[in-house]
Amino acid sequence: MCTVELSITPKSWVSQTLQATSTCSVPTSSTWNNTGRTIQFGSANAAVFLDSSDTAYITDNDGNQIFKLLKGTINATIIANATKPADVVVDTSGNVYIAQASMPQILKLWTNGTISTFTNVSYGSFGLAIDSSNNIYISDTFANSVLKLSSTGSGNATVVAGGNGYGNASNQLQFPCGLAVDASGSLYIADFGNGRIQKWVSGAMTGTILIVTLVSIFVTVDCNNYLYVSNGTNILRFPPNSTIGTTVISELNGASSMKLDSEVNMYVVDTYLSIFSVL
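This is the structure in structure tokens:
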């Protein structure tokens with residue numbers, strides 16, 4: 001599930017969040033060079049996450065590896081192995097969390113290099129997000145719900161979206177995939193099976209449908225709460241609470257995860273990693 005056989009190559013999988021800061025560095029009028037600089041490594045990269053130093057963490061879904069790429073370099077290092085890694089996030093201490101598409105374990109790579117099971121889902125997960133308090137959000141894709149758990153792993157995971165069975169009602173999800181969370185704790189969900197993007201305000205029992213008739217499994221949000229969505233060939237940007245998006249990057253081939261760095265350059269996984277400079 002959460003594959004992209006409808007319109008884009010099945011090499012691409014999920015997306016995640018853009019960490020918001022108190023002062024937003026992303027102008028609402030931002031545009032990007034449509035010709036990206038491509039860095040080739042791995043066999044079928046799936047998702048990218050950027051930490052506060054703009055270090056990139058990239059999943060290689062087919063190669064079953066996680067790469068780390070320092071800012072300004074082109075040679076990535078392998079930091080972990082996983083089974084069909086679909087998404088990755090990193091907490092403020094540098095611990096890495098890995099969602100596996102076909103395994104029930106969410107993995108945690110500690111800063112000392114050891115790997116352990118952070119928590120379990122019903123079967124596999126296709127989306128992760130992390131907020132400024134280091135809470136981890138997990139798409140429990142086959143249970144049609146999204147879970148929240150502190151990065152310390154203390155306490156039980158709580159259902160913060162869905163969990164009411166398979167369906168298209170406002171309190172339901174259908175194979176949730178990519179996730180994003182904004183500074184207020186609102187959660188954005190690529191509700192893949194329903195072909196929509198939902199927003200769940202923190203503590204809400206139901207979601208608000210933001211975008212419909214757009215089959216996407218990738219979503220991120222910037223510090224102005226502008227929503228970025230990939231449909232495989234384009235990256236679309238939607239102003240807050242708007243259903244009208246504009247294309248900011250086009251002519252891609254199976255684009256999946258996208259992130260903005262501290263200089264507002266856009267990192268896009270398009271089989272390989274491409275970096276599009278802001279204009």
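So that you can map any letter, position 169 of the sequence shown is 169 in the UniProt record's numbering, and since no number is skipped, the others follow by simple counting.
The C-beta atom is built at its ideal place from N, Cα and C for all residues, glycine as well.
Return the chain-ordered list of same chain residues with a C-beta closer than 7 Å to the C-beta of leucine 260, the five sequence neighbours on each side being excluded. Leu18, Val26, Asp222, Met266, listed in sequence order.
Spatially closest choice to alanine 44 from Asp87, Val201, Leu210, by CA coordinates | Nearest C-alpha to alanine 44: Asp87.
Pick helix, strand or coil for alanine 86, following the three-state DSSP scheme.
It is a strand residue.
DSSP on serine 170, reduced to helix/strand/coil?
Coil at serine 170, not helix or strand.
Practice task
Give me the Cα-Cα distance between threonine 117 and tyrosine 188, rounded to the nearest whole angstrom.
Solution key: Taken atom to atom, the span from the alpha-carbon of threonine 117 to that of tyrosine 188 is near 25 Å.
Would you please state the rounded distance, in angstroms, between the beta carbons of leucine 109 and isoleucine 79? I believe it to be under 8 Å. About 7 Å separates the CB atoms of leucine 109 and isoleucine 79; that is less than 8 Å, so the two are in contact.
request  = Using three-state DSSP, classify phenylalanine 126 as helix, strand or coil.
outcome  = In the structure shown, phenylalanine 126 adopts coil according to DSSP, grouped into three states.
Please report the Cβ distance between alanine 99 and serine 125, rounded to the nearest whole angstrom; I am assuming they are in contact, meaning their Cβ atoms lie under 8 Å. With a Cβ gap of about 4 Å, alanine 99 and serine 125 count as contacting.
- Message: Am I right that threonine 83 and phenylalanine 67 are in contact with their C-beta atoms under 8 Å? What's the rounded C-beta distance?
- Response: Contact flag wrong, Cβ pair sits at about 16 Å.
- Among Ile58, Val269, Val229, Asn64, which has the Cα closest to the Cα of valine 212? Of the listed residues, the one whose Cα sits closest to valine 212 is Val229.
### Query
Can you check whether the CB of leucine 107 is closer than 9 Å to the CB of isoleucine 115?
Yes, these two residues count as a Cβ contact at 9 Å.
### Message
Tell me the rounded alpha-carbon separation between threonine 246 and asparagine 112.
### Response
Rounded to the nearest angstrom, the gap between the Cα atoms of threonine 246 and asparagine 112 is 43 Å.
Item to check | Neighbourhood of glycine 36 by C-beta, 7 Å cutoff - its chain only, sequence neighbours within 5 removed | outcome: Cβ neighbours of glycine 36 beyond the five flanking positions: Val268, Ser274, Ile275, Phe276.
Would you kindly work out how many angstroms separate the C-alpha atoms of glycine 254 and glycine 232, rounded to a whole number? If you take the alpha carbons of glycine 254 and glycine 232, they lie about 4 Å apart.
Exercise. In whole angstroms, what is the alpha-carbon distance linking threonine 21 and glycine 155?
Worked result: Residue placement at threonine 21 is poorly supported in this model, since its pLDDT is 37, which falls under 50; the coordinates are not used for a value here.
Q) Would you call the CB atoms of isoleucine 217 and serine 256 closer than 9 Å? A) Here isoleucine 217 is near serine 256, since their CB atoms are less than 9 Å apart.
- Would you mind reading off the limits of the beta strand (DSSP E) that contains cysteine 177? Under the DSSP assignment, cysteine 177 falls in the beta strand (DSSP E) whose first and last residues are 176-181.
Worksheet item: Helix or strand or just coil, what does DSSP make of asparagine 194?
Response: Note: asparagine 194 maps to helix in three-state DSSP.
query: So what does alanine 161 bridge to, in DSSP terms?
result: Val146, per the DSSP bridge assignment.
| field | Close Cβ partners of leucine 279 (< 7 Å) along its chain, the five nearest in sequence each way excluded | value | Thr31, Trp32, Asn33.
Between residue 293 and alanine 183, which are expected to be in contact by the criterion C-beta below 8 Å, what is the C-beta distance as a whole number of angstroms?
Residue 293 is absent from the model: the chain starts at 1 and stops at 279.
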